[in-house]
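In our numbering, the protein residues as written are 29 to 100.
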């Protein structure tokens with residue numbers, strides 16, 4: 029199976045291409061992102077991500093870190 033290796037530069041190039049295509053078809057990304065509904069949705073997703081990080085990611089990392097510190 030072939031592994032995809034686009035990397036960070038490939039992601040940036042893809043993002044630029046998508047923005048060019050959206051601009052060509054008349055979409056204004058700034059207006060879309062500044063719309064109240066989109067802003068509320070992005071805020072909701074961000075709050076979920078922060079809660080997931082605090083509730084499920086931080087505790088295991090702190091536990092692993094404390095165990096690693098005990099080894100040295």
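By construction, the Cβ of each residue, glycine as well, lies at the ideal position given by its N, Cα and C atoms.
All figures in this text were calculated on a predicted structure; none of them were measured in a lab.
Nearest-angstrom Cβ-Cβ length linking residue 18 and residue 66, presumed shorter than 8 Å: It is not possible to answer for residue 18, since the shown part of the chain is limited to 29 through 100.
Just reading off the alpha helix (DSSP H) that residue 72 is part of, what are its end residues? Sequence index remark: in the chain shown, residue 72 carries index 44 (1-based). Residue 72: member of the alpha helix (DSSP H) spanning 64 to 80, first to last residue.
Which of helix, strand or coil does DSSP assign to residue 59? Looking up residue 59 in the chain shown gives position 31. Residue 59: helix per DSSP, three-state reduction.
Once DSSP output is grouped into helix, strand and coil, what is the label at residue 4? Any answer about residue 4 is impossible in this case: the structure gives the chain only from 29 up to 100.
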